[in-house]
Amino acid sequence: MRPIRAVILAGDSEKGDFMRGEKIKNKAFFPINKRPMLCYVLDVLVSVSEISEIVVVGPQRELEPLKQSYDVSVVHNQRSIMDNVKASKFGWDHGRLLIVTSDIPMITVESIKDFLAQTQEFDDELFYPIVRRAKNEEVYPKVKRTYVTLQEGTFTGGNICLVDANCIDKAAKAGERLIALRKSPVKLANFLGWSFLLKLLSKKLTIKGLEQRVSSILELKAKAIISSYPQLGTDVDKDSDIDIAEEYLANLI
Numbered sequence: 007m008r009p010i011r012a013v014i015l016a017g018d019s020e021k022g023d024f025m026r027g028e029k030i031k032n033k034a035f036f037p038i039n040k041r042p043m044l045c046y047v048l049d050v051l052v053s054v055s056e057i058s059e060i061v062v063v064g065p066q067r068e069l070e071p072l073k074q075s076y077d078v079s080v081v082h083n084q085r086s087i088m089d090n091v092k093a094s095k096f097g098w099d100h101g102r103l104l105i106v107t108s109d110i111p112m113i114t115v116e117s118i119k120d121f122l123a124q125t126q127e128f129d130d131e132l133f134y135p136i137v138r139r140a141k142n143e144e145v146y147p148k149v150k151r152t153y154v155t156l157q158e159g160t161f162t163g164g165n166i167c168l169v170d171a172n173c174i175d176k177a178a179k180a181g182e183r184l185i186a187l188r189k190s191p192v193k194l195a196n197f198l199g200w201s202f203l204l205k206l207l208s209k210k211l212t213i214k215g216l217e218q219r220v221s222s223i224l225e226l227k228a229k230a231i232i233s234s235y236p237q238l239g240t241d242v243d244k245d246s247d248i249d250i251a252e253e254y255l256a257n258l259i
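Take 7 as the starting number for the sequence shown in the working numbering and just add one per residue.
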């Protein structure tokens, strides 16, 4: 397995987020059962043996204290998500980056290890997990997610991806656009092309067709990985998500 650097995106939000009636600048520090959401993500990643090192990208002054508890490097956040990713790959051009958002506190070691293990079967350059709707609703029946119906079934996407570090620069511009549209299936399909949109709306789009179009736009080889772990995509965006996360994580103690 090629060396993997985990990159946690914990940058400030330009617009801010409303959590339990309060506008906050950075969800990474929002407390879940009195612990910052980011710490749950770190607890998992430090326990994944396949990960060689961890970089956290965000407000440097607020993140520096993490070094007292975790073996991590801190990179000050840039102006955009892709700029953050580019900044995080210093000295890592021949390895892979496991990019993880800081708002998925329910991820598990097993979910990450399973995803990484599945990627070893292929020689692609970008891997992205997708989870079947039935599995997501089985584990988190109260969570509302955005779904896309393909020929192979109905799926939701994850909040992580694995990418070859040396592909980041050439894919940055298109990648920024894809990230911005990732939670709007129709807008995303419109960006990807009208024929793509028609196939999506008629439910004739295949996973392979999706992979081919993303590969063409990003100029790299992309692969969707079907995961049975909804934890990879269950982020905390609203009050109901906070309640679910607090209950779930409290039961793990």
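Positions of the beta carbon are idealized from the N, C-alpha and C atoms, including for glycine.
Cβ-Cβ distance between residue i and residue j below 8 Å
| i | j | result |
| --- | --- | --- |
| VAL47 | SER94 | no |
| LEU57 | LEU104 | Looking at the sequence shown, residue 57 is not Leu but Ile. Cβ atoms of ILE57 and LEU104: closer than 8 Å. |
| GLU83 | GLY97 | Sequence inspection shows Asn at residue 83; the Glu mentioned does not correspond to that position. Against a cut-off of 8 Å, the Cβ pair of GLY97 and ASN83 comes out as no contact. |
| ILE10 | LEU255 | no |
| TYR146 | ILE250 | yes |
| ASP130 | ALA228 | yes |
| THR155 | LYS209 | yes |
| ILE87 | LEU15 | yes |
| ALA178 | LYS73 | no |
Beta-bridge pairing of residue i - partner residues as DSSP gives them
| i | result |
| --- | --- |
| GLU252 | Paired residues: none, contrary to the question. |
| LYS229 | PHE133 |
| LEU168 | LEU104 and PHE133 |
| ARG41 | ILE38 |
| SER190 | Paired residues: none, contrary to the question. |
For residue i, the first and last residue of its enclosing alpha helix (DSSP H)
| i | result |
| --- | --- |
| TYR134 | Note, TYR134: premise wrong, no alpha helix (DSSP H); beta strand (DSSP E) at 132 to 138. |
| ILE110 | Run containing ILE110: none; DSSP gives neither H nor E here. |
| VAL220 | 213 to 224 |
| LEU207 | 200 to 207 |
| LYS244 | Here LYS244 belongs to no alpha helix (DSSP H), and DSSP marks it neither H nor E. |
| ASN257 | Element bounds for ASN257: n/a, residue is neither H nor E. |
| LYS279 | Residue 279 lies beyond the range of the chain shown here (7 to 259); nothing can be said about it. |
Range covered by the beta strand (DSSP E) that runs through residue i
| i | result |
| --- | --- |
| SER58 | 57 to 64 |
| ALA12 | 10 to 15 |
| PHE161 | 159 to 163 |
| THR114 | No beta strand (DSSP E) contains THR114, which DSSP labels as neither H nor E. |
| VAL80 | 79 to 82 |
| VAL154 | 154 to 156 |
Residue of the options minimising C-alpha distance to residue i
| i | options | result |
| --- | --- | --- |
| ASP175 | LEU224, ILE30 and ARG67 | LEU224 |
| LEU69 | VAL80, TYR76 and SER75 | VAL80 |
| PHE197 | ALA180, LEU211, ILE10 and ASN90 | ALA180 |
| ASN90 | GLN66, PRO71 and MET112 | GLN66 |
| THR160 | MET88, ARG41, ILE166 and LEU206 | LEU206 |
| ALA171 | PHE128, LEU132, LEU204 and LYS189 | LEU132 |
| VAL106 | LEU204, GLU253 and CYS45 | CYS45 |
| THR162 | MET7, ALA140 and LYS193 | ALA140 |
| LEU238 | ARG138, LYS29 and GLY199 | ARG138 |
| ASN35 | VAL78, PRO71 and GLU182 | Residue identity differs from the one stated: residue 35 is Phe in this sequence, not Asn. Measuring from the Cα of PHE35, the nearest candidate turns out to be PRO71. |
Cβ distance (whole Å) where residue i is taken to contact residue j below 8 Å
| i | j | result |
| --- | --- | --- |
| ARG102 | VAL13 | Rounded, the Cβ-Cβ distance is 10 Å, inconsistent with contact. |
| ASP120 | SER201 | The Cβ separation is near 34 Å, so there is no contact. |
| VAL5 | VAL220 | Residue 5 lies beyond the stretch modelled for the chain, which goes from 7 to 259, so this question has no answer here. |
| TYR134 | CYS173 | That belief does not hold up - the Cβ atoms of TYR134 and CYS173 are roughly 13 Å apart, past 8 Å. |
| ILE213 | GLU158 | 5 Å |
| LYS148 | SER75 | Contact doesn't hold; Cβ gap of about 32 Å is too wide. |
| THR240 | MET112 | 5 Å |
| LEU184 | LYS193 | Contact flag wrong, Cβ pair sits at about 11 Å. |
| VAL54 | ILE118 | 5 Å |
Cutoff 8 Å: residue i Cβ touching any chain C Cβ
| i | result |
| --- | --- |
| LEU187 | The structure shown contains no chain C, having only a single protein chain. |
Heavy atom of the ligand SAH within 7 Å of residue i beta-carbon
| i | result |
| --- | --- |
| ASN142 | The model depicted lacks the ligand SAH and carries no ligand whatsoever. |
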